[in-house]
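If you read the sequences in order, they're chains A and B. According to the numbering used here, the first sequence is numbered sequentially starting from 320. According to the numbering used here, the second sequence is numbered sequentially starting from 3. Worksheet for the structure shown next.
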Amino acid sequence: ETGVTQTPRHLVMGMTNKKSLKCEQHLGHNAMYWYKQSAKKPLELMFVYSLEERVENNSVPSRFSPECPNSSHLFLHLHTLQPEDSALYLCASSQWGLQGTGNTIYFGEGSWLTVV
Amino acid sequence: DAKTTQPTSMDCAEGRAANLPCNHSTISGNEYVYWYRQIHSQGPQYIIHGLKNNETNEMASLIITEDRKSSTLILPHATLRDTAVYYCIVRELETSGSRLTFGEGTQLTVNP
């Protein structure tokens, strides 16, 4: 238990569907992240939110739409995805504004997404 | 962030120490060395981090060379559950934020 909870753990969706991934952190952190891990590839940073403001968007296609309603919750809205978007999507959180030990990033267990 | 180099894979016998090396020859003075591991189908798990002194916690020890160009993660008594991909990441910690850039990591296999 890392304090970062992701739901659902597994999701199968068609290319015309709209679905959302949810992440909740119980660590009191003020920054949250979405990472993507495709088969046999390193983790890729997708989005970063700090204090509910998006501070980074690493050239992610618009069919992925993040939402951060408060510092504890992060969503990734999915629509008209492609089969190549099938991957493990990981949420993480950390405390910005602190150096050293206080800035460690903690990950959830991930959501396995299959697009058919 | 500085780039790291790790062996692709390593094997270790159960109960023995696992020593995972990492080269980070271009590390700068304000960059920390972080280690994470990822057990198959799970999210990355934080293990340990350090700046220039050796560090130890309940999971592992981190030995950083004096010139900071390389480090070694030590799992003192490896178990089968330590089989995972281990990532060495060099990360600048700034007050405005921080990111982790993952490489390929080392696949550690602990054998019975």
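Positions of the beta carbon are idealized from the N, C-alpha and C atoms, including for glycine. Here the structure is a predicted model, which means the values were calculated and not measured.
Query: Exposure of B/I41, with buried meaning 16 or more beta-carbon neighbours within 10 Å; Result: exposed
Query: Residues bridged to A/A350 (per DSSP); Result: A/S369, A/S413
Query: Closest residue to A/S405 among A/G429, A/C342, A/N377, A/Q414 (Cα-Cα distance); Result: A/G429
Query: Rounded Cβ spacing between A/E375 and A/F366 (contact assumed at less than 8 Å); Result: 6 Å
Query: Secondary structure of B/R39, DSSP reduced to three states; Result: strand
Query: Within 8 Å, strictly: CB atoms of A/H398 and A/E386; Result: no
Query: Beta-carbon spacing of B/L110, B/A15 below 8 Å; Result: no
Query: Any non-hydrogen atom of the ligand MN closer than 7 Å to B/L110 Cβ; Result: As far as ligands go, the structure on display features none, and thus does not contain the ligand MN.
Query: Integer Cβ distance of A/F394 from A/T321, believed to fall under 8 Å; Result: Not a contact, Cβ separation roughly 19 Å.
Query: C-beta neighbour in chain A for B/G105, strict 8 Å; Result: yes
Query: B/P78 versus B/Y88 - alpha carbon distance; Result: 15 Å
Query: Pick from B/S72, B/D84, B/Q44, B/K54 that is closest to B/A62, judged by C-alpha positions; Result: B/D84
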